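Protein chains in written order, with my numbering: chain F, 1 to 102; chain D, 1001 to 1416.
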């Protein structure tokens, strides 16, 4: 698989380390009333779709950036690559009440 | 029809015209007491033991494709009972005991071959770990022998003993481990279950679960609605998709594992060799092909095929252990989809929905578990209580802190 890095251009997927579902960027708020259940779900439960999947790839043998890669898990086709930093900033701009507390 | 030497001779002399299909091609009935989703090794074994050990009932196995076309037809056929932890070892030992009696039980030649499994040791720390594992195995009624370098050399003189990075310092030998003909396992269980009245319904994909008031009452399928008293889901590789029909999320990711077969060679590997340092395992089939595998592809996949970098990685590992492997041609490779669970251990449990049961999360160890998983799942379906060897395989173990982290990798499914 070739991952089209937003800064470096096309790179072989072997340069990357895979972490899993991009939802792992959205850490639950630790002082929430339901923090225990939320952290359990965050750590262990997965949607695990057959089809489009947003996931985290770390460019370990490159510029060490984190990417959010949208990939089809049935065909291995890569549909979109974003810098995880940009995604995180966009999430923060959306400003959910939970994050406002943090 | 029972198989026998006499029957074989009779058929040989009469042109093999008397063989009949091994199971009926059943059409779905309106309702069953038990519906097993998934006609793989585990689903068929569950139906077989449910019908045989736990009393007569109306039982159906629903398979979206054909029998034996899923993971039971896509593995490297190894059976073993060499686990360390209390939650695991009694279960796999129970499974190995069922394997040892499988052919007599099913009256079916599954080619169970206890050719021995050797886990290689490359350092003092690994020797300590192997000694501890061996002791745990013996305490749980399994067998283990610690070999030194000379012992390994006597068995497998062609290994790369003087590898600079991973010199072979010995091995943990599990003599009762071995291999089984995987297709025959599916066919044998299918035949056994069919003879006891189980309807095996092929080309019948489950598209929905009908749940009423927190209780399951049937399944929607591509061949119409089927009512069910209890539904057991046993669809490794597709667990997340099927359980999502009941609105559940699981502690599972789907990953692809590739396996490989070389051209046929004269017999030179009598047993199974595993090489933890390079993550490579190899055995030789009865047809002479070297059957081997290594790491998963590391990312979520439902593709049933892998990518080339892992092919290269596995073959490199293999050649660092068995240099002669470089002379053999690789005939074919294939990929299977596995449920990689968050602690590397499986689930056999009830769900919060009344009448809905789940068996899955076997990572890449589902094949060796087939008989015990079937037996324990049947036990759970019938009695609503876990079998004594499978009490630890709960879905809520992450919440209660009772993980079975055999490999010590934590919640990293792609590292198990």
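Ideal placement from N, C-alpha and C gives every residue a C-beta, glycine not left out.
A quick note: this is a predicted structure, and the numbers were derived from the prediction, not measured.
Beta carbon of residue i nearer than 9 Å to that of residue j
{"i": "residue 1250 (chain D)", "j": "residue 1354 (chain D)", "result": "no"}
{"i": "residue 1037 (chain D)", "j": "residue 1206 (chain D)", "result": "yes"}
{"i": "residue 1360 (chain D)", "j": "residue 1041 (chain D)", "result": "no"}
{"i": "residue 1300 (chain D)", "j": "residue 21 (chain F)", "result": "yes"}
{"i": "residue 1356 (chain D)", "j": "residue 1230 (chain D)", "result": "yes"}
{"i": "residue 52 (chain F)", "j": "residue 71 (chain F)", "result": "yes"}
{"i": "residue 1088 (chain D)", "j": "residue 1388 (chain D)", "result": "no"}
{"i": "residue 1189 (chain D)", "j": "residue 1045 (chain D)", "result": "yes"}
{"i": "residue 1152 (chain D)", "j": "residue 1161 (chain D)", "result": "yes"}
{"i": "residue 1112 (chain D)", "j": "residue 1180 (chain D)", "result": "yes"}
{"i": "residue 1242 (chain D)", "j": "residue 1337 (chain D)", "result": "no"}
{"i": "residue 1263 (chain D)", "j": "residue 1172 (chain D)", "result": "no"}
{"i": "residue 1390 (chain D)", "j": "residue 1348 (chain D)", "result": "yes"}
Residues bridged to residue i (per DSSP)
{"i": "residue 1376 (chain D)", "result": "DSSP lists no partner for residue 1376 (chain D)."}
{"i": "residue 58 (chain F)", "result": "F:17 and F:66"}
{"i": "residue 1059 (chain D)", "result": "D:1034"}
{"i": "residue 1228 (chain D)", "result": "D:1032"}
{"i": "residue 1072 (chain D)", "result": "In the DSSP output, where bridge partners are listed per residue, residue 1072 (chain D) has none listed."}
{"i": "residue 1348 (chain D)", "result": "D:1359"}
{"i": "residue 52 (chain F)", "result": "F:72"}
{"i": "residue 81 (chain F)", "result": "F:69"}
{"i": "residue 1330 (chain D)", "result": "D:1262"}
{"i": "residue 1220 (chain D)", "result": "D:1208 and D:1225"}
{"i": "residue 1394 (chain D)", "result": "Its beta-bridge partners do not exist; DSSP assigns none."}
{"i": "residue 1172 (chain D)", "result": "D:1119 and D:1146"}
{"i": "residue 1407 (chain D)", "result": "For residue 1407 (chain D), which the question treats as bridged, DSSP gives no partner whatsoever."}
{"i": "residue 1340 (chain D)", "result": "D:1253"}
{"i": "residue 11 (chain F)", "result": "F:3"}
{"i": "residue 29 (chain F)", "result": "The partner list for residue 29 (chain F) (beta bridge, DSSP) is empty, contrary to what the question assumes."}
Continuous beta strand (DSSP E) stretch holding residue i: start and end
{"i": "residue 1148 (chain D)", "result": "1145 to 1148"}
{"i": "residue 1125 (chain D)", "result": "Counting along the chain, residue 1125 (chain D) falls outside any beta strand (DSSP E), though it belongs to the alpha helix (DSSP H) covering 1124 to 1139."}
{"i": "residue 1001 (chain D)", "result": "Neither: residue 1001 (chain D) is in no beta strand (DSSP E) and is coded neither H nor E."}
{"i": "residue 1105 (chain D)", "result": "Per DSSP, residue 1105 (chain D) belongs to no beta strand (DSSP E); it is in the alpha helix (DSSP H), 1102 to 1106."}
{"i": "residue 1298 (chain D)", "result": "1289 to 1300"}
Length of the line joining the Cα atoms of residue i and residue j
{"i": "residue 88 (chain F)", "j": "residue 1109 (chain D)", "result": "58 Å"}
{"i": "residue 24 (chain F)", "j": "residue 68 (chain F)", "result": "11 Å"}
{"i": "residue 1385 (chain D)", "j": "residue 1379 (chain D)", "result": "7 Å"}
{"i": "residue 101 (chain F)", "j": "residue 1208 (chain D)", "result": "Because residue 101 (chain F) carries a pLDDT of 47, less than 50, the predicted location of this residue cannot be relied on, and the following value inherits that uncertainty. If you take the alpha carbons of residue 101 (chain F) and residue 1208 (chain D), they lie about 40 Å apart."}
{"i": "residue 1092 (chain D)", "j": "residue 1282 (chain D)", "result": "21 Å"}
{"i": "residue 1280 (chain D)", "j": "residue 1332 (chain D)", "result": "17 Å"}
{"i": "residue 99 (chain F)", "j": "residue 36 (chain F)", "result": "Annotation note: pLDDT 49 at residue 99 (chain F) (below 50); position unreliable, coordinate value reported separately. About 17 Å."}
{"i": "residue 1233 (chain D)", "j": "residue 1350 (chain D)", "result": "10 Å"}
{"i": "residue 1219 (chain D)", "j": "residue 1194 (chain D)", "result": "21 Å"}
{"i": "residue 1409 (chain D)", "j": "residue 1345 (chain D)", "result": "11 Å"}
{"i": "residue 1130 (chain D)", "j": "residue 1115 (chain D)", "result": "20 Å"}
{"i": "residue 54 (chain F)", "j": "residue 62 (chain F)", "result": "21 Å"}
{"i": "residue 1008 (chain D)", "j": "residue 1067 (chain D)", "result": "24 Å"}
{"i": "residue 1259 (chain D)", "j": "residue 1012 (chain D)", "result": "35 Å"}
{"i": "residue 82 (chain F)", "j": "residue 1157 (chain D)", "result": "52 Å"}
{"i": "residue 1419 (chain D)", "j": "residue 1248 (chain D)", "result": "Residue coverage of chain D in this structure runs from 1001 to 1416, which leaves residue 1419 (chain D) outside it and unanswerable."}
{"i": "residue 1392 (chain D)", "j": "residue 1019 (chain D)", "result": "44 Å"}
{"i": "residue 1001 (chain D)", "j": "residue 1404 (chain D)", "result": "43 Å"}
{"i": "residue 1322 (chain D)", "j": "residue 1163 (chain D)", "result": "10 Å"}
{"i": "residue 1376 (chain D)", "j": "residue 1054 (chain D)", "result": "11 Å"}
{"i": "residue 1325 (chain D)", "j": "residue 1238 (chain D)", "result": "34 Å"}
{"i": "residue 1402 (chain D)", "j": "residue 31 (chain F)", "result": "24 Å"}
{"i": "residue 1274 (chain D)", "j": "residue 1268 (chain D)", "result": "15 Å"}
{"i": "residue 1245 (chain D)", "j": "residue 46 (chain F)", "result": "15 Å"}
{"i": "residue 34 (chain F)", "j": "residue 1176 (chain D)", "result": "49 Å"}
{"i": "residue 1071 (chain D)", "j": "residue 1065 (chain D)", "result": "12 Å"}
For residue i, the first and last residue of its enclosing alpha helix (DSSP H)
{"i": "residue 85 (chain F)", "result": "84 to 94"}
{"i": "residue 1309 (chain D)", "result": "1308 to 1321"}
{"i": "residue 1115 (chain D)", "result": "Segment: none, residue 1115 (chain D) is in no alpha helix (DSSP H) and carries neither H nor E."}
{"i": "residue 1066 (chain D)", "result": "Unbroken run through residue 1066 (chain D): none, as it is neither H nor E."}
{"i": "residue 1256 (chain D)", "result": "Taken as a continuous stretch (DSSP letters only), residue 1256 (chain D) belongs to no alpha helix (DSSP H), being part of the beta strand (DSSP E) at 1252 to 1264."}
{"i": "residue 37 (chain F)", "result": "35 to 44"}
{"i": "residue 1198 (chain D)", "result": "From DSSP, residue 1198 (chain D) is part of no alpha helix (DSSP H); its letter is neither H nor E."}
The ligand MN heavy atom lying under 8 Å from the CB of residue i
{"i": "residue 32 (chain F)", "result": "As presented, the structure is devoid of all ligands, the ligand MN included, so that no description of it is given."}
Looking at chain F, which residues of the stretch 1251 to 1268 of chain D have a Cβ within less than 8 Å of any of its Cβ atoms?
1251, 1252, 1253 and 1254
Taking only beta carbons into account, state which residues of the stretch 11 to 34 of chain F come closer than 7 Å to chain D, listed in chain order.
So the list reads 14, 18 and 20, given in the order they occur along the chain.
For the stretch 34 to 57 of chain F, list every residue whose C-beta sits within 9 Å of some C-beta in chain D, in sequence order.
36, 37, 40, 41, 43, 44, 45, 46, 47, 48, 49, 50, 51, 53, 55 and 57
Chain-ordered residues of the stretch 1342 to 1368 of chain D with a beta carbon less than 7 Å from chain A:
Of the protein chains in this structure, namely F and D, none is chain A.
The stretch 1213 to 1241 of chain D: which residues have C-beta closer than 7 Å to a C-beta of chain F, in chain order?
Per Cβ criterion, the list reads 1240 and 1241.
Give, in chain order, every residue of the stretch 1281 to 1308 of chain D whose Cβ lies closer than 8 Å to some Cβ of chain F.
1298, 1299, 1300, 1301, 1302, 1303 and 1307
In chain order, what residues of the stretch 58 to 71 of chain F put their CB closer than 7 Å to some CB of chain D?
none
Please identify, using Cβ separations under 8 Å, the residues of the stretch 1392 to 1406 of chain D that lie next to chain F, in order along the chain.
1398 and 1399
Could you name the residues of the stretch 1379 to 1393 of chain D whose beta carbon sits closer than 8 Å to any beta carbon of chain F, in the order they occur along the chain?
none
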